[in-house]
Amino acid sequence: MTTSPNTQTPAPRRPQGWRLALLASGATLLAGGPMHPDSDASGSMREELATMTADEMWVPGHTLVVIGTVLLVVGLWMARRRQVWPQAAGRPLAVAVVALSLYAVETVFHLAAVVDSHALDAGHAAPVAFTHLGLAAVLYPVSGLAVVYLATTLARIQGGLRRVVALLGVVGGLAHAVVVPLTFLSPDTEFTPLFAVAGVLLALWALGTAATGARAEKTAAPQELASVG
């Protein structure tokens with residue numbers, strides 16, 4: 243009796259691009275967030291915005307935020323396309339991708355508000371800066387609540403460390419959702435720390451989600467073919 247085994251080794255796993263995108267997003271947001279200029283809330287919103295946009299850290303910090311937000315959208319979109327989470331996460335993922343894509347547009351206007359720095363200081367028309375404020379008033383709550391929706395779903399369908407990571411997204415999303423409305427409702431109160439908290443928590447959520455992953459990728463089992471003679 244002779245046996246001729248013919249073993250097919252499983253193909254190597256492709257890099258999980260969605261995890262790489264989320265990892266890069268979290269790192270970039272974590273680097274860019276603390277660079278945001280402080281506001282002492284002692285003046286009007288126009289005066290505060292004029293002061294902050296004149297700060298030399300406005301452009302590099304917000305450039306990193308734009309990049310980090312785009313990478314977050316890409317990572318979540320790739321995760322949805324690959325269906326790395328159970329079907330229950332499909333709709334929350336779609337909502338988050340759309341909402342964060344819109345928020346990414348706001349981050350571009352946020353960065354571009356620097357072009358109106360002198361106009362803000364002189365009391366002239368500042369269309370880019372005030373477009374940023376208008377978009378922020380809507381898109382911060384929308385994108386924050388979308389993250390809460392997704393993170394709450396992930397916390398419900400996952401356990402262990404992944405659930406803890408998802409809870410970071412819930413708290414970060416809530417902080418992100420309320421910070422701009424609170425700023426408009428109470429302009430004399432300093433909310434810069436809440437912006438920082440929201441940014442750090444969302445960055446940690448992205449990093450944690452990338453690090454812990456989702457369900458295991460399926461791989462083909464080795465097949466052994468034997469002939470007996």
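Numbering-wise, the sequence shown is residues 243 to 471 according to the working numbering.
Every residue gets a Cβ at the ideal spot worked out from N, C-alpha and C, and that includes glycine.
Sequence-distant residues of its chain with Cβ nearer than 8 Å to residue i (five each side left out)
i, result
"Phe351", "Val370, Thr373, His374, Leu377"
"Pro423", "Ala379, Tyr382, Pro383"
"Met320", "Gly259, Trp260, Ala263"
"Val301", "Leu353, Val356"
Close-in-space but distant-in-sequence residues of the same chain around residue i (CB under 6 Å, 5 per side omitted)
i, result
"Leu306", "Thr270, Ala273, Gly274"
"Leu449", "Gly268"
"Ala341", "Val384, Ser385, Ala388"
"Ala456", "Val326, Trp327"
"Thr434", "Asp280, Ser281"
"Val347", "none"
Option nearest residue i by Cα separation, candidates the options
i, options, result
"Val412", "Gly303, Pro279, Ala361, Thr451", "Thr451"
"His418", "Val357, Arg261, Trp447", "Trp447"
"Met294", "Asp280, Pro435, Leu410", "Asp280"
"Ser286", "Glu432, Leu444, Leu449, Leu436", "Glu432"
"Glu298", "Val357, Val326, Arg288", "Val357"
"Ala336", "Ser359, Ala393, Ala367", "Ala393"
"Ala330", "Val406, Thr395, Pro435", "Thr395"
"Pro334", "Tyr345, Ser343, Arg322", "Arg322"
"Val442", "Trp300, Ala296, Gly332, Gly310", "Gly310"
"Val406", "Thr454, Val420, Gly365, Glu289", "Thr454"
"Glu228", "Val347, Ala364, Val420", "The chain is shown only over 243 to 471; residue 228 falls outside these bounds and no answer can be derived."
Cβ separation of residue i and residue j, assumed to be a contact under 8 Å, to the nearest whole Å
i, j, result
"Leu381", "Leu291", "About 17 Å separates the two Cβ atoms, so there is no contact after all."
"Val308", "Thr349", "5 Å"
"Pro276", "Ala438", "7 Å"
"Gly303", "His278", "5 Å"
"Val339", "Val315", "6 Å"
"Leu444", "Gly414", "4 Å"
"Ala296", "Ser359", "5 Å"
Simplified DSSP state of residue i, which is helix, strand or coil
i, result
"Val326", "coil"
"Met299", "coil"
"Arg398", "helix"
"Glu290", "helix"
"His374", "helix"
"His366", "coil"
"His278", "coil"
"Ser359", "helix"
"Ser246", "Caution is warranted here: a pLDDT of 48 is assigned to Ser246, below 50, making its placement in the model unreliable, and the coordinate value is therefore given only provisionally. Ser246: coil per DSSP, three-state reduction."
"Gly285", "coil"
"Ser343", "helix"
"Gly310", "helix"
Residues near residue i by beta carbon distance below 7 Å, same chain, minus five either side
i, result
"Leu416", "Gly386, Val390"
"Leu265", "Leu449, Ala452"
"Leu410", "Leu443, Leu446, Trp447, Gly450"
- Query: Is there contact between the segment 392-407 and the segment 346-362, where contact requires at least three CB pairs shorter than 8 Å?
  - Reply: no
- Query: Does the segment 426-433 come close enough to the segment 382-391 to have 3 or more Cβ pairs within less than 8 Å?
  - Reply: no
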